[in-house]
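Student: The structure is given below, and queries will be raised subsequently.
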Amino acid sequence: MILLQNARIATENSPVLVESDVLIVEGIIQNIGTKLAIPEGGRVIDARGRVLMPGMFDAHVHFRAPGFENKETITTGSEAAINGGVTGVVMMPNTRPALDSATAVATVLENAKVRSRIPVYTSGCVTKNREGKELAEIEGMRGLGVKMLTDDGDTTADPAVLLRAMQYATEFGMFFASHCEVLELAGPRALNEGVMSYRLGIKGSPACAEEIIIDRDIRLAHAAGAHVHIQHVSSKLGMETIRWWKSRGDVKVTAEVMPHHLMFTDEHIGDYDTNYKMNPPLRTQADCDALLEGLIEGVFDIIATDHAPHTPFEKAQDFLSAPNGITGLDTALVSLYHHFVEPGKFGWDVVVKRYSAEPRRLMGLPVAAIEVGQKAECLLFDTEAETTFTKEFMKSKSQNTPFIDQTLKGRVDMVILGAEILLER
Amino acid sequence: MARKDLLDIASLHREEIEFLLDQSTSFKKLFTRSVKKIPALEGKSVLMLFYEASTRTHSSFEVAAKRLSAEVTNFDVAHSSITKGESVRETIETLQAMRTDYIVVRHGHPGLPGMIARQTTASVINAGDGAHEHPTQALLDAFTIKEKFPDPRGKKVLIIGDILHSRVARSTSTLLQKLGVEVAYLGPGSLVPKYVPASIRRFTDYEAAMAWTPDVVYLLRVQLERQDVQFFPSVREYHRVYGITNTRLAEISDLGLYIMHPGPVNRGVELCDAVMDYERSLITNQVENGISVRMAVLDWLTPGGDFPKQEAYAAQPRAGSKVILP
Numbered sequence: 087m088i089l090l091q092n093a094r095i096a097t098e099n100s101p102v103l104v105e106s107d108v109l110i111v112e113g114i115i116q117n118i119g120t121k122l123a124i125p126e127g128g129r130v131i132d133a134r135g136r137v138l139m140p141g142m143f144d145a146h147v148h149f150r151a152p153g154f155e156n157k158e159t160i161t162t163g164s165e166a167a168i169n170g171g172v173t174g175v176v177m178m179p180n181t182r183p184a185l186d187s188a189t190a191v192a193t194v195l196e197n198a199k200v201r202s203r204i205p206v207y208t209s210g211c212v213t214k215n216r217e218g219k220e221l222a223e224i225e226g227m228r229g230l231g232v233k234m235l236t237d238d239g240d241t242t243a244d245p246a247v248l249l250r251a252m253q254y255a256t257e258f259g260m261f262f263a264s265h266c267e268v269l270e271l272a273g274p275r276a277l278n279e280g281v282m283s284y285r286l287g288i289k290g291s292p293a294c295a296e297e298i299i300i301d302r303d304i305r306l307a308h309a310a311g312a313h314v315h316i317q318h319v320s321s322k323l324g325m326e327t328i329r330w331w332k333s334r335g336d337v338k339v340t341a342e343v344m345p346h347h348l349m350f351t352d353e354h355i356g357d358y359d360t361n362y363k364m365n366p367p368l369r370t371q372a373d374c375d376a377l378l379e380g381l382i383e384g385v386f387d388i389i390a391t392d393h394a395p396h397t398p399f400e401k402a403q404d405f406l407s408a409p410n411g412i413t414g415l416d417t418a419l420v421s422l423y424h425h426f427v428e429p430g431k432f433g434w435d436v437v438v439k440r441y442s443a444e445p446r447r448l449m450g451l452p453v454a455a456i457e458v459g460q461k462a463e464c465l466l467f468d469t470e471a472e473t474t475f476t477k478e479f480m481k482s483k484s485q486n487t488p489f490i491d492q493t494l495k496g497r498v499d500m501v502i503l504g505a506e507i508l509l510e511r
Numbered sequence: 005m006a007r008k009d010l011l012d013i014a015s016l017h018r019e020e021i022e023f024l025l026d027q028s029t030s031f032k033k034l035f036t037r038s039v040k041k042i043p044a045l046e047g048k049s050v051l052m053l054f055y056e057a058s059t060r061t062h063s064s065f066e067v068a069a070k071r072l073s074a075e076v077t078n079f080d081v082a083h084s085s086i087t088k089g090e091s092v093r094e095t096i097e098t099l100q101a102m103r104t105d106y107i108v109v110r111h112g113h114p115g116l117p118g119m120i121a122r123q124t125t126a127s128v129i130n131a132g133d134g135a136h137e138h139p140t141q142a143l144l145d146a147f148t149i150k151e152k153f154p155d156p157r158g159k160k161v162l163i164i165g166d167i168l169h170s171r172v173a174r175s176t177s178t179l180l181q182k183l184g185v186e187v188a189y190l191g192p193g194s195l196v197p198k199y200v201p202a203s204i205r206r207f208t209d210y211e212a213a214m215a216w217t218p219d220v221v222y223l224l225r226v227q228l229e230r231q232d233v234q235f236f237p238s239v240r241e242y243h244r245v246y247g248i249t250n251t252r253l254a255e256i257s258d259l260g261l262y263i264m265h266p267g268p269v270n271r272g273v274e275l276c277d278a279v280m281d282y283e284r285s286l287i288t289n290q291v292e293n294g295i296s297v298r299m300a301v302l303d304w305l306t307p308g309g310d311f312p313k314q315e316a317y318a319a320q321p322r323a324g325s326k327v328i329l330p
């Protein structure tokens, strides 16, 4: 039994925090109210001043296993998630071997049961080995609970292949997540084409390389009657394209935005800092502003991190040689608080809705909520404390993040999943 | 202010540039003496680390270092462990262990000299990194211009060609602007992007660019080897639209304009053959001045120095970001 006293409860429906006691018995929220009786033999936690909210859910992470366990494992990845207040994740299928069959998916899910303290879900490939040619054995993966199909990291270049996949898999209740990039336009390097790419002398990737596929894939979904989820949108026109299609109301489209695309611009790359090298690339302040507008407005259904670990050795190369991607699980919630909630740009309701409730709805999972009768899946957040993202603090196996050694306002103090306290600071 | 490295022009202060150009003038006076060598860098070692082909820059640095009495070692990339898959970082660790004083580096990847500089105590000189910077080329260009225009403020330099892929354009335009020179770019729209700095005039029409009344026309080599897609229909069309043809050379001659080019020249592409005999061509002056400028740079830098990191392009503070060392 756990009694959280005087916690300020955040919900997805209102920016107002309501102070209450919450009693958890055998992993279930049994009572919410004021001055609840202290249970005999139970643990009492003084949560005064701290925010209690549902555990976050990250629908876009790379746990690198199997195949790249030097970067991350299911264990280290899920511990990073807990560290950041995340209690459920969806893995991307760009592992080695790629998750393009029931066998590969089953292996990951079995591993996750043993090696992770939180639920780990996985997406499956659209095409075999993510090569964009032959369809993966989609139905077999559905049998294991796979809902999301994506060749993440690679756009399914041939629209005919994607259209056929959409027509086929929609019948099974699955949806498509699109990494949007015209390779011929984007070139090999992850830097926005513009003033900064000129200064740094690197061939940039124009925003239109992303926007063309955003529009193409929504059109394909429209034609196929499919649901398409647009991944990691980075540009203003990309956001506006999604907004326009959503306003038509005749195609099922959802979209996600990453904390780093809301917070950083290509200027942050400065003197070739590879911790800011990611794909899609960081763009301009105007893009950041538009993405924030899109998030508040609801053009973006979810926030996800694209948690992409790489070893220090790989990232310590020069900018062109270093791989794309940054980690995000350890840092996302605190950075969202520091950059947006604390300065009053949006409320906790946006965080709870977009980083907890909607991602679970997207995946067809029950929403975690602080309500009587619900399974306890929540976290306590101290808005007055600070977090310094040292190497020692991070639980991810890799520390390729712009936040390394930064101190931000806010701290995840406690993570509860069912009857278990997963994290306590 | 003393510096450990010369990585770019962008971070150089005007006083430093003026100092280097003054020093270059002094070093150039040595060239008329029968003994051109001085013991300024006696006992110092200079490692030439060229991952890309080079004639002018490589030999110019080598001559400059030898005239200052430094020991020069040419790192033979073609016969090094790089061919066995050794990464640049591993190479640098090896070279650091050898305690060389200077590393002159050319590489196709922008920013790589800076990475080396952060990992070694040697003074690192960027001899060209991808399409980023070529600071000594910029200094020798400025030096050459100052020989003709001792006070270059208000003069106009028109840089023609493949701006997109040119480190020379970036460095030279930055430096000339720091000296008060006006700079404009001319070239096809596919090679002179719209997002070039607003301080630089951008032309895609030759006649309009000439109406801007430049004092110097600076041709760039069309770098066909860097163009992974077609940026213009044909070399013939390029020469006709943007090249200095015989007719245009006659006009340039009438106007008394100087012509510069960093070399090697693609004859018949950016320049017609006749330019070789053009009396106001400064192309060989550039090559000659390269040696004295590089002597000044080598003499100026201080290997092993513990100086603040050069802040090149940090538009805003990046608290906490740093290079991850192994």
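Residue numbers (my numbering), protein chains in the order written: chain A, 87 to 511; chain B, 5 to 330. Ideal Cβ positions, reconstructed from N, Cα and C, are used throughout, including at glycine.
1) Please report the distance separating the alpha-carbon of Leu259 (chain B) from that of Leu10 (chain B).
2) Between which two residues does the alpha helix (DSSP H) containing Ser257 (chain B) stretch?
3) Within 9 Å (strictly less), CB to CB, does Tyr423 (chain A) reach chain B?
4) According to DSSP, which residues form a beta bridge with Cys464 (chain A)?
5) Confirm, please, whether the CB-CB distance from Gly287 (chain A) to Ala135 (chain B) is below 9 Å.
6) Exposed or buried, what is Glu463 (chain A) when buried is set at 16 or more other beta-carbons lying within 10 Å of its beta-carbon?
7) Going straight from the alpha carbon of Met280 (chain B) to that of Thr288 (chain B), what length do you get?
8) Interface residues of chain A around Met354 (chain B) at Cβ under 9 Å?
9) Determine which residues share a DSSP beta bridge with Leu90 (chain A) and list them.
10) Could you tell me the distance, in whole angstroms, from the CA atom of Gly459 (chain A) to the CA atom of Ala123 (chain A)?
11) Give the DSSP-derived three-state secondary structure of Thr360 (chain A) in the structure shown.
12) Mapping the DSSP letters down to three states, classify Lys160 (chain B) as helix, strand or coil.
13) According to DSSP, is Asp303 (chain B) helix, strand or coil?
14) Quick one: what does DSSP say Gln317 (chain A) is sitting in, helix, strand or coil?
15) Just tell me which of B:Leu180, B:Leu228, B:Met119, B:Glu255 has its CA closest to the CA of Tyr210 (chain B).
16) Does any C-beta atom of chain A lie closer than 9 Å to the C-beta of Val200 (chain B)?
17) Could you work out which residue in B:Leu45, B:Pro156, B:Glu46, B:Glu274 is closest to Arg244 (chain B) when comparing CA atoms only?
18) Cα-Cα, which of B:Val172, B:Ala6, B:Thr217 is closest to Leu162 (chain B)?
19) Taking only the alpha-carbon atoms, compute the straight-line gap between Pro245 (chain A) and Cys266 (chain A) and give it to the nearest angstrom.
20) What's the C-alpha gap between Leu378 (chain A) and Tyr284 (chain A)?
21) Please go through the same chain and pick out, in chain order, the residues whose beta-carbon is closer than 6 Å to the beta-carbon of Pro101 (chain A), but skip the five residues on each side of it.
22) Under a three-way DSSP split, which group does His265 (chain B) fall into?
23) In terms of residue numbering, what span does the alpha helix (DSSP H) encompassing Ala142 (chain B) cover?
24) Out of curiosity, what's the CA-to-CA distance linking Pro274 (chain A) and His113 (chain B)?
25) Between Phe405 (chain A) and His138 (chain B), what straight-line distance do the alpha-carbon atoms span, to the nearest angstrom?
26) Can you grab the Cα-Cα spacing for the pair Arg447 (chain A) / Gly127 (chain A), in whole Å?
27) Any C-beta of chain B sitting closer than 9 Å to the C-beta of Arg150 (chain A)?
28) Would you mind reading off the limits of the beta strand (DSSP E) that contains Met102 (chain B)?
29) Given a cut-off of 9 Å on the beta-carbon distance, is the pair Val175 (chain A) and Phe154 (chain A) in contact?
30) Would you kindly check if the distance between the Cβ of Asp238 (chain A) and the Cβ of Lys322 (chain A) is under 9 Å?
31) Does chain B have any CB closer than 9 Å to the CB of Val281 (chain A)?
32) Among B:Gln123, B:Ala74, B:Asp155, which has the Cα closest to the Cα of Thr95 (chain B)?
33) Taking C-beta to C-beta, are Arg201 (chain A) and Ile168 (chain A) nearer than 9 Å?
34) Quick check on Ser177 (chain B): does DSSP put it in helix, strand or coil?
35) Starting from Phe207 (chain B), trace the beta strand (DSSP E) both ways and give me its first and last residue.
36) Does the segment 347–360 of chain A come close enough to the segment 420–429 of chain A to have 3 or more Cβ pairs within less than 8 Å?
Tutor: Reading it off the structure:
1) 37 Å
2) 250–259
3) no
4) A:Pro140, A:Ile502
5) yes
6) buried
7) 10 Å
8) Only positions 5 to 330 of chain B appear in the structure, and residue 354 (chain B) is not among them; the question remains open.
9) A:Val108, A:Ile131
10) 18 Å
11) helix
12) strand
13) helix
14) coil
15) B:Glu255
16) yes
17) B:Glu274
18) B:Thr217
19) 12 Å
20) 26 Å
21) Gly433, Asp435
22) coil
23) 139–152
24) 13 Å
25) 18 Å
26) 36 Å
27) no
28) From DSSP, Met102 (chain B) is part of no beta strand (DSSP E); its letter is neither H nor E.
29) no
30) no
31) yes
32) B:Gln123
33) no
34) helix
35) 205–207
36) yes
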